[in-house]
Every structure is written in structure tokens, then in C-alpha cells.
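First up is the structure itself, then whatever we jot down about it.
Residue numbers (mature numbering (1 follows the signal peptide of the UniProt record, and there is no 0)): -24 to -1, 1 to 356.
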């Protein structure tokens, strides 16, 4: 009996220690079914009629393709807040040295308007630092910010604030935030900002530069003005079901602070963990994250519609997982999907625009054009 129990323990441990790639491969071998048991209400949001563009909010669903969107739409009984967009375009995502990009190169193209090498963040193909939309907006006297659900050393937030030829140089990458031009930052990753091997306390250095560094949502919620660098979590934010509407709240808090600048603001908001769950080939978590991102889009669209001078652009840096919708039922909110890869695929990704200037984002273009169009519309 003891031998049987001991063997059972070994089996459980072996499964627990299986690499993510092995678990993802096992999921790829079969169809996955997901049903959204409690669909959420989606309201019609009328875009503002004015032409003036004072603010731009760029929202990135990391790894989000048309298939992710259509699957999420089906699961929510044929409704998404994203449907309120006015125009849609398609972005070509290849990077400088590879057809299939990553978030480093893909995000750098969106942030800076330059194609760069695979795995690079915020630098050109020679490793030289590039200015991002955060830098261009700050130089014009606008406030700037980012809000993400991942660790801040991850590629997409780093693309806007940091510079490194290798996205895996995580401890080095986060030091660049001390000199970043962002006025509001929200994300995870506190463990590389303090108790570092080099002895630096990056939170203290940020405070010395005039930032408030709240370490919980409750502390952040009480702040009424000033520069903020909020990192409440050691690594990523919690799973979608655990964190609730945290991304929407953190984004709207950033907008509240940044909008105090009469010159306007630029903000990047990322639904970060779509990419993770695409890599894991986990349809359940992927849909949870996609719906969370869509509800955040709804909150931002509503704010922008009331403001009247804000353009909202929603796109992705690449596709993750090779997701395919193979069956389902719109009335039941059921989707049946398969993944073709545990990595990224080479499809074009959608670009949705809402608000003044939305008409600029129709057509098929390079991912670098997203940055170029925003710079043009904001006069950067």
C-alpha cells in the first residue's frame, strides 16, 4: 500500500513539474469548449462628433487576433463593447529580422514607429535607443501614462519606457523606468524594483524624482494629483476572476490624473495576459482575459465619448496560439476552439478606432503606421 501511495505522489509531482510547453501541446491535441455562463450587458456608445484631438489612448491586447475577438463575441451572445468602434484596419506585424514577431519588436513598432529585431525593446536594429509615443507626447507638454496587467519588465510596457536589445535582461530593463517620461505607471513586477542584487531601491529613486509609489489599490485610489508609479504585485496582477475590474479602475485612475494637464495626454493600456493564456493554450483563461479587456475598452469608450476630444485606438502586437474557432452556438454562448501553436503566428491583426481621427485607421498598413498616425493627429 505504501508503495502504491508513493508511486501516486511521484506521478502527481511529475505532472506538476511538466513544462508549460508540454501541457500546451497536450491541449493542442484536442478541441476545447468554453461557455460564458453569465454574459455581460453591452451598451451602445455614441462617438463624439467633434474633430479636435487633445488626447490619445492606445489599447493593446497582447496576442489578440480577429479570432480571439470573434470567439469572445460569440461567447458573449454576439455582443462586445469593441463593436462600438467607428473604423477598422489591418496591421502587418513582421519585424526587422523575422516574419513571426514577438511583443518586444511588435510593441516597439507601435511605440516608436520603427521596425526592430526580434526580442528587442525600445531600440533600433543597432541597439540604439528610440523615442516612443511617451517621449514625443511629453516633449509637447502632454502628460503620459501606461497601465498593464503584467510585470513591468515584460516587453510591451518596456517598449514604451525602456531600451534594451534583449527583452530577457529583466533586472536591467526596469532600471530605465527611473528616467522614463511617463507620469503614471501601473503594473506588476515589484520584486525587481527592490531587494535587487545591485543594492538599488528603484522605488526610492522614483520617489526622489517626485513620484508617489503606492503599493496597493487602496493607497492608489486616495491619490488626487501628481506623478504616480504604482506596483502593487511582485509579478503579474492576479488572474482575471480574482482581480475583477482592476485594469479598468487602474486605467480610469490614470486618466483622472493625466487629464488634469490642460495640454492633454497620451496613455497606453494593455490587456497583457491574453498572450500568456494563448501560449498556455488555455481557452478558459484566454476568454476571461479577452472579456476583461473588452469591458475595459467599454469603460474607456464611455469616458472618451463624454470627453469629446479623445481618440481611442485598440490593436494587438501579434497573434498568440494560432487560435481557430471550429464550432459553437451563438445562442448558448458556446465556442469550440483549437490552438495550432504554443507560440505566435503570422497573421495580420486588427486596428479599431473610436473618436475624432478614427477615419485615419482604415486600410492595410505596417504596424509602424499606428505610431505615425498618432503622432500626426496629436501634432507630435
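Ideal placement from N, C-alpha and C gives every residue a C-beta, glycine not left out.
All values derive from a computational prediction rather than experimental measurement.
Around the beta carbon of residue 325, a 10 Å sphere encloses 16 or more other beta carbons of the protein chains shown; the residue is thus reported as buried. Residue state for residue 33 is assigned as strand, using DSSP reduced to three classes. Contact between residue 45 and residue 58 holds: their C-beta atoms lie close to 6 Å from each other, under 8 Å. The straight-line gap separating the alpha-carbon atoms of residue 321 and residue 247 is approximately 18 Å.
Going by DSSP, residue 133 is part of no beta strand (DSSP E) but of the alpha helix (DSSP H) stretching over 131 to 137. A distance below 8 Å separates the beta carbons of residue 77 and residue 94. Of 298, 270, 309 and 306, the smallest CA-CA separation from residue 290 is found for 270. Runs of beta strand (DSSP E) with 3 or more residues, each lying fully within the stretch 251 to 304, are found at 286 to 291, listed in chain order. About 18 Å separates the Cβ atoms of residue 32 and residue 162, ruling out a contact at the 8 Å cut-off. Only residues of its own chain outside the window of five on either side were considered, and among them 56, 263, 266, 267 and 270 have a CB closer than 7 Å to the CB of residue 48, listed in chain order. Residue burial is scored here from C-beta neighbours: residue 236 has fewer than 16 other C-beta atoms within 10 angstroms and is therefore classed as exposed.
Residue ranges of uninterrupted beta strand (DSSP E) with 3 or more members, entirely inside the stretch 179 to 265 and ordered along the chain, are 203 to 209 and 241 to 247. With a threshold of 16 other beta carbon atoms within 10 Å, residue 286 meets it and is buried. When the Cα atoms are used, residue 149 and residue 18 turn out to be separated by approximately 39 Å. Counting every other CB atom within 10 Å of its CB across the protein chains shown gives residue 127 a total of 16 or more, marking it as buried. Residue environment for residue 92: buried (at least 16 other C-beta atoms within 10 angstroms of its C-beta). A distance of 8 Å or more separates the beta carbons of residue 50 and residue 245. Bridge pairing for residue 63: 329 [DSSP].
Runs of beta strand (DSSP E) with 3 or more residues, each lying fully within the stretch 89 to 173, are found at 119 to 127 and 160 to 164, listed in chain order. Between residue 29 and residue 333, the C-beta gap is smaller than 8 Å, which places the two residues in contact.
With respect to the C-alpha of residue 217, the residue from 228, 207, 260 and 156 having the closest C-alpha is 260.
DSSP, read as helix, strand or coil, puts residue 342 in strand. Under the DSSP assignment, residue 10 falls in the beta strand (DSSP E) whose first and last residues are 8 to 11.
Under DSSP, residue 311 shares a beta bridge with 10 and 304. Per the DSSP secondary-structure output, residue 68 pairs in a beta bridge with 342. With contact defined as three or more Cβ pairs closer than 8 Å, the stretch 207 to 217 and the stretch 108 to 123 are not in contact. Contact check for residue 38 against residue 293 passes: the beta carbons are separated by less than 8 Å. When DSSP reads this structure, residue 44 sits in no beta bridge, so it has no partner.
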